[in-house]
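In my numbering, the protein residues as written are 88 to 162. What follows is a set of notes on a single structure, which appears directly below.
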């Protein structure tokens with residue numbers, strides 16, 4: 088199995104939010120399901136990655152080339 092460390096997970100969340108900041112996806116007027124806005128009381132969290140497949144692939148390759156730093160591997 089492969090699981091992110093808490094620090095790596097938080098870093099990814101911050102990166103996703105930074106990439107999405109300023110887009111219509113995160114506008115206060117956007118009350119879509121992908122933000123969790125369709126469920127009363129649920130925090131608005133942006134989960135999709137909108138940085139593009141190229142940037143996502145680069146990030147994956149960077150992590151793999153660093154021996155999966157930020158992840159715990161077990162069998």
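For glycine and all other residues, C-beta sits at the position ideal for the given N, C-alpha and C.
Proximity of residue i and residue j at Cβ, strictly below 7 Å
{"i": "residue 157", "j": "residue 93", "result": "no"}
{"i": "residue 132", "j": "residue 141", "result": "no"}
{"i": "residue 159", "j": "residue 101", "result": "no"}
{"i": "residue 88", "j": "residue 152", "result": "no"}
Spatially closest choice to residue i from the options, by CA coordinates
{"i": "residue 135", "options": "128, 103, 97", "result": "103"}
{"i": "residue 130", "options": "138, 115, 137, 144", "result": "115"}
{"i": "residue 139", "options": "107, 154, 97", "result": "107"}
Which residues DSSP lists as bridging residue i, in chain order
{"i": "residue 160", "result": "89"}
Backbone secondary structure at residue i - three-state DSSP
{"i": "residue 155", "result": "coil"}
{"i": "residue 108", "result": "coil"}
{"i": "residue 98", "result": "helix"}
{"i": "residue 144", "result": "helix"}
{"i": "residue 150", "result": "helix"}
Residue i beta carbon near the ligand HEM (any heavy atom closer than 6 Å)
{"i": "residue 138", "result": "The ligand HEM is absent from the structure shown, which contains no ligand whatsoever."}
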